[in-house]
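Heads up: the protein sequence lines correspond to chains A and B, in order. End of the first sequence sits at 1212 in our numbering; the numbers just go up one at a time, nothing left out. End of the second sequence sits at 1212 in our numbering; the numbers just go up one at a time, nothing left out.
2 protein chains.
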Amino acid sequence: MKRVCGESLSALPHVLFAANLDVLANCLSFTAPYLLLQFSDCPFLGGNGCFSLLLYGHMMLPALPNGMESVADEEFSEVLREPLLLLQDQRSRSNTTSQVAIVGSDLCPIESLDYEIIENDFFKQDWRTMGTVDIFQYIFIKWTLCFLIGVIVSLLGFLNNLAIENIAGVKFVITSNMMLARKFVVAFIVFASSNLGLTFLSSLVTALIAPEAAGSGIPEVKAYLNGVDAPAIFSFRTLVVKIVGSILAVSSSLNVGKAGPMVHTGACVAAIMGQGGSKKFGLTCKWLQVLKNDRDRRDLVTCGSAAGIAAAFRAPVGGVLFALEEMASWWRSALLWRAFFTTAVVAIVLRGLIDVCLRGECGLFGKGGLIMYDVTSANISYHLRDVPAVLLLAVIGGLLGSIYNLLLNKVLQIYNMINTKGIAYRIILACFISISTSCLLFGLPWIASCRLCPSDASEPCPTIGRSGNYKKFQCPPGYYNDLASLFFNTNDDAIKNLFSKGTDTEFHHSSMLIFFTTCFFLSTFSYGIVAPTGLFVPVIVTGAAYGRFVGMCVGSNLNLNHGLFAVLGSASLLGGSMRMTVSLCVIILELTDNLLLLPLIMLVLLISKTVGDVFDANIYDIIMTLKGLPYLKPHAEPYMRQLTVGDVVTGPLQIFHGIEKVGNIVHVLRTTGHNGFPVVDEPPLSLSPLLYGLILRSHLVTLLRKKLFFKTPTPVGLDAFLQFSADDFTTKDLGHCDQIDDIELSEEEMEMFVDLHPFTNTSPYTVVETMSLAKALILFREVGLRHLLVIPKVSGRLPVVGILTRHDFMLEHVQNLHPRLSRNRWRRWRLQFS
Amino acid sequence: MKRVCGESLSALPHVLFAANLDVLANCLSFTAPYLLLQFSDCPFLGGNGCFSLLLYGHMMLPALPNGMESVADEEFSEVLREPLLLLQDQRSRSNTTSQVAIVGSDLCPIESLDYEIIENDFFKQDWRTMGTVDIFQYIFIKWTLCFLIGVIVSLLGFLNNLAIENIAGVKFVITSNMMLARKFVVAFIVFASSNLGLTFLSSLVTALIAPEAAGSGIPEVKAYLNGVDAPAIFSFRTLVVKIVGSILAVSSSLNVGKAGPMVHTGACVAAIMGQGGSKKFGLTCKWLQVLKNDRDRRDLVTCGSAAGIAAAFRAPVGGVLFALEEMASWWRSALLWRAFFTTAVVAIVLRGLIDVCLRGECGLFGKGGLIMYDVTSANISYHLRDVPAVLLLAVIGGLLGSIYNLLLNKVLQIYNMINTKGIAYRIILACFISISTSCLLFGLPWIASCRLCPSDASEPCPTIGRSGNYKKFQCPPGYYNDLASLFFNTNDDAIKNLFSKGTDTEFHHSSMLIFFTTCFFLSTFSYGIVAPTGLFVPVIVTGAAYGRFVGMCVGSNLNLNHGLFAVLGSASLLGGSMRMTVSLCVIILELTDNLLLLPLIMLVLLISKTVGDVFDANIYDIIMTLKGLPYLKPHAEPYMRQLTVGDVVTGPLQIFHGIEKVGNIVHVLRTTGHNGFPVVDEPPLSLSPLLYGLILRSHLVTLLRKKLFFKTPTPVGLDAFLQFSADDFTTKDLGHCDQIDDIELSEEEMEMFVDLHPFTNTSPYTVVETMSLAKALILFREVGLRHLLVIPKVSGRLPVVGILTRHDFMLEHVQNLHPRLSRNRWRRWRLQFS
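Okay, structure coming up:
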């Protein structure tokens, strides 16, 4: 199977050692700022038989002895086939930043996105000719796309719920019926094998068709919205696998959620809509292909991820806030409004669909499903004396959340090692987790003793059918198994049972403790498998169990019932693990439909987040770091104030002249991976060397393809614009850049000249080389740049010193250049809390 | 009464004509980029007897004929005493931007705020010596301040409600009792005179003590959060007047709200807390004086305004979102969290206080008051056939909202003209509005016919006491006056009546129409008087009447009751006038405590905002423009792409050398109003002229005060730092800058030198002069700058071309420089909707 992902990577080593070392150093500094080369068993290079060579930005490579090239070549390509994470574990001076990162479950080359408006002469020309009709079309299509995203995501969310409830429902009904007939062994075999089958299918499609669909996808989408582009995260293939895989994985009783995958699905839908369909699958719509730049796509993806949460939890306002607080790196008031519109569409469509289901036309769905957790608002009252218990719950919840993050981090590191051994290992791991889960879910309820059905139960006891508070399991008639009511159920139903009021006597202390512990560990071990898995629902269910347990321990003389404690427990674990505030608060409010709880939920979230922040980062940041996604934080690290831009910028640079030879351009484009080149005018075009601007690789490729060449170095006239349309310069489909190798040029053409002036961005952002790194980062991040030109302080030299890119700001890069910099923990705290 | 506000302004003309014209032009370009000078009755200057001279950035003043100076001086000072708005109306080529703006109801000089981190040697020194204890203290105090802000604002909000309910309540009880005794004339006299007295008091304290407290304050706070500082908006005096004046104005039955003043109050509390108390009133706390810079204050003020809305509407999440969507120009995730914490404190404290009131210890408050509008969640159901009526309501609501904005704009323009005639006129205007309001409120109910009390009314009919749906007014026993139930009541109670369910037959069509029309006009005419007045509640009550009227007209066969229509009507008018989305949605949800309404409210808000946006800007932006506050929008206007930075930047510049003579500094500081000066090193300090950095006026003043002078131009050693503490360089109290005139220097000292290097910000942001204006604006706005240095493209000249400040980006400034630029409405639309 040919995939974009990995191709350019494996081609790299050949380039590396074929070209001369100077070019190599130059090339590496941009395509892969620092890669570790390992030469093992080279006694003449180091006493310990092993020596790590750190290659980054233009540090000269030591001249290799003759005959070493081929060895190094092989070694290097092997290194490149290994995930970065593995390298990291083996070496102390390691790096997580590079232009290769783990996306889903595979290593992929990543690039930055171009958010900057390219102000070249051509762009200005285009802007002037843009008429009122064009502008209306643009606005209309933007809003139409948001509408369509809303409709499609809500339909997908509905389908997702419908499918899960029905597949898992049938499974539970069949096994329950066997249990009723006391065929316990057969029931277990049916239960375990159907789970195994579903998990196997899910991991198979994920591993084979779209490894990018593995995991929740939230870290990838978050990185995308921060400006990191990985090839296939928003492909049609990924979308299909994400939907199908998520349905299968959740139906297979794995302790995984559907909210994360829904966010990725929403983002996928938005990105595909934004590029007017999927070319590969022939599903394109010319009419929709107006939004051909990274800025508009970023906005759409933000709206898509808001729609995802809105559809998963039926929480439209919560979805907008989630996208705002957790996902988006850049946010405008106009975007808030569009995201709100999108989630409003989701809310309205879902309401309509639920009306259909309430009429009973959705199979097993409708009884459980979307209308999630009604903590009905029968006048809740709470007083000051309830607060200490809630505080305790919040503090411990915060602690548990940070332990959860720690554990998940460790488990994912181990899993990544297993995953790199091959597809077979990945699938075996998933199957192993599935079997273990089945054993636990079926085995643990046997520990619990049967409990007598309460006489005043609000629903039939024991439950006949699927959802309900009282599962019979192995118990005699008139009795129920409280642990089975939680384990032998979908997560949604388990949450509903835990949140339900008037059931304070339903569960036993030990059952709740067993359920909490099992969920806690199962969810950490289930997340990393090669299947679309979410974290939200597992954390909610674990937190609910924890909260209810606390409620049982402290709560006999309090006003709060155990259901409310479960809600607060969920909030505390979510706060301790995901560290959101307003969005979680609103999501929980919209889930439980009870505004009176607001002050308590706010209190719990604030405390648990504070406690969690003392120990580690939020779970999505941890996963992003683990995956090596170069996320650009909004604030500068303290030590960056001690460095100037000149301290981290690396040369030499590839510079083009205003009128450049075609051959030079082709050579540079073929031998480097740079995406932006400064254009400098030199005498006779100007009196002294002047920085004219910055030209993008993609624009150069377009220029070469159009072959607007001249025999002599002549400036191009206005007629040049007639040969180009605005479409030529728009961003192409996601992950499908024009390649320089696709263009064929004759020897004669290589000797000709091309005028770069009209296509050069004449207003690139610049910083003086003595600018502090911290302030340059603020500029880079706030404005959303890909290239930041560094100009010299003293004139007379070249008018440009270097280019700063995302990787130059990465902590690891800076620390490698300046290893003695202090990383004072408390100073970073100040930033975090300020 | 001596006030900061206006002082520096009246001093200006003397400077203007005393100094030579070159210095003048230079000075004006920064202190007041363009002021209109009017020379009336100067026949030799223009045929029409009047000629406007536009002074801005270094356009040369025409040489005035001898003897003109003194005339111009007088004329000029008179012009300066007039509000900008008035000047505007008289001249076609007018400007709203200048460093003078209407704050509250008075003209004030305004300045920009310094958000940039000043990275000079001293700052770096200070950062290195900052220990863990300091950092913890900083974090602790930040959070403590948020906690205190939350507590104080909620107490003030509670006090506000308590006072209003009791004062207005007593008034209504007394007059109602007289009505019962059928003493109608006496009742009217008591009603009208008490209203007049309250209004008079309110406008008196506002006009005499703190004109900054007039109006809602939201535009001023919004401008502050955008970086515009006006002297007294956050003074202790303003705070007191705002609280007292708002209570009096709302109690006096004027159709004004308390939410806007609460936002200003919250912001005031935050700002005063942030500077550690009020020096003027001797209420300072050394311990809290850690946050001495504009960034930290901005954050606190954001939290304060969130707390204000939270306290006014008991809507903690809505408060955070309001601050985020409407108020703040810069937002970080960390700030979201702190604002959330502040409003959580407000929610918890308010809950405790309400518990107290429910026990009946708050006088007349508690029955009405805080627990606002319970649209109790008795299972609302609505279906597809209800949607057309809602759509209609939303569209008309949007139209009405934009008409409301238009009308308010016109009324405020007229009011501003009246207000400038003197304090007496202002107070008379307020009294006139009060008398008119009393007449309408008392007179109009007589039109309505008495209605028979329903037999199944859920409360006593007619109402005995204050709040309730059925007011007796002039009717016989057993009857009630539906119009009096709305008019003869506080706004809060009127809203509660309109929102109430099960009262579909209570009101007559004509009554509702009369009430709507009256409220619509009364609220526009009441807002502009010299008293603390809000817009939120009047718009809600007007919208509720409108919605209920629509509900009456269409709704007999719909599922939605009239109370719900009233809620939706409020949403539509709010959306059409204030143009917020998510925050309004959440505020309405928190007000009505009903999540089931969510999809409908979202729909209504989206449509009404869209309809409104077609016609005009949102109400706060209109008021800000009217006041001449230089608000920096987040996006660039299309025509800015056609200009370079060089096209708008204005020289000549005041530049200091790295080691500068004291006399020069004093002269420049005295003769200009600049706040930042480039520092340039020239030979022999460097080989060629080099831009060393930017030094602030406040730092120069500190340097001069400390008198670290040398007889010869010597670089200063490290020991210089010992003479200064970090406190010397922090921002002083709001509106109390160190003045250069306070420093006394001897002749000898004036001849000495001072080394500016250690105190110069060595990392100022720079743009090349060929950078497009649009991109420079993005940088300026996103990073939050006060000064942006423009450097030349070709070296050899001076290393700095000019400084861009906020005013250089203002639409009017740019258009004055380049009058032919297109202002294509649709292109601006594209920005607005994209």
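Yeah, the Cβ is synthetic: ideal placement off N, Cα and C, and Gly gets one too.
Whose Cβ in chain A lies nearer than 7 Å to the Cβ of residue i?
i	result
F968/B	Note on identity: in this sequence residue 968/B is Glu, with Phe being the wrong assignment. Going along chain A in sequence order, the residues near E968/B (Cβ under 7 Å) are L973.
T1003/B	Near T1003/B there are no residues of chain A at all, since even the closest Cβ is about 17 Å away, more than 7 Å.
E739/B	Those do not exist, as E739/B stays about 16 Å from chain A at its closest Cβ, beyond 7 Å.
Note down, in chain order, every chain A residue with its Cβ under 8 Å from the Cβ of residue i.
i	result
P694/B	L976, P977, M980
A722/B	P977, M980, L981, L984
I519/B	Result: empty, since nearest Cβ-Cβ is about 11 Å, beyond 8 Å.
Could you check which residue in the options has the C-alpha nearest to that of residue i?
i	options	result
F612/A	V641/A, G635/A, F893/A	V641/A
T1090/B	L771/B, L762/B, V1040/B	V1040/B
V734/B	L762/A, T720/A, G741/A, T721/A	L762/A
S986/A	R1198/A, D999/A, L946/A	L946/A
D1186/A	L1163/A, L942/A, F536/A, G906/A	L1163/A
I1000/A	V698/A, L1010/A, L786/A, Q653/A	L786/A
S827/A	D834/A, S888/A, V768/A	S888/A
A835/A	T1003/A, S630/A, Y602/A, D882/A	D882/A
M557/A	C486/A, Q852/A, A645/A, S581/A	Q852/A
Just the chain B side, please: which residues come within less than 9 Å of residue i by C-beta, in chain order?
i	result
F718/A	T959, V960, C963, M980, L983, L984
Counting only Cβ pairs nearer than 7 Å, list the residues of chain B close to residue i.
i	result
T841/A	The premise fails here: T841/A is roughly 25 Å from chain B at the closest Cβ pair, so nothing lies under 7 Å.
E1160/A	E1160, V1161
Got a sec, what are the start and stop residues for the alpha helix (DSSP H) residue i sits in?
i	result
V1079/B	1075–1084
V1058/B	No alpha helix (DSSP H) contains V1058/B, which is instead part of the beta strand (DSSP E) from 1054–1059.
E1125/B	1125–1128
L1010/B	Premise fails: L1010/B is in no alpha helix (DSSP H) and is neither H nor E.
I552/B	510–558
V727/A	711–736
G925/B	914–932
T1050/A	Looking at the DSSP string, T1050/A is not in any alpha helix (DSSP H), and its letter there is neither H nor E.
S683/B	672–691
May I ask which residues mark the beginning and end of the beta strand (DSSP E) holding residue i?
i	result
V1094/A	Neither: V1094/A is in no beta strand (DSSP E) and is coded neither H nor E.
A479/A	478–481
P487/A	484–487
T1144/B	1144–1146
F1131/B	1131–1133
V1182/A	According to the sequence as given, residue 1182/A is Leu; it is not Val. 1180–1182 is the extent of the beta strand (DSSP E) around L1182/A.
I1169/A	1166–1169
Anything in chain A within Cβ reach of residue i, meaning under 9 Å, just list it in chain order.
i	result
T1144/B	T1144, V1145, V1146, M1149, I1169
By the 9 Å beta-carbon criterion, what residues does the region 1052–1069 of chain A contribute toward chain B?
S1064, L1065, S1066, L1068, L1069
Identify every run of the alpha helix (DSSP H) within the region 963–1044 of chain A, keeping only runs that are complete inside it and at least 4 residues long; order them along the chain.
976–993, 997–1005, 1023–1026
Contact residues within the region 491–502 of chain A, judged by C-beta distance below 9 Å to chain B:
The residues in question are E494, I495, E497, F501, K502.
What residues in the region 679–707 of chain B have a beta carbon less than 7 Å from any beta carbon of chain A?
P694, V695, V698, E703
Residues in the region 805–839 of chain A having any Cβ partner in chain B nearer than 8 Å
Flagged: no residues at all.
Beta carbons nearer than 8 Å to chain D: which residues of the region 596–607 of chain B have them?
The chain labelled as chain D is not found among the protein chains of the depicted structure, namely A and B.
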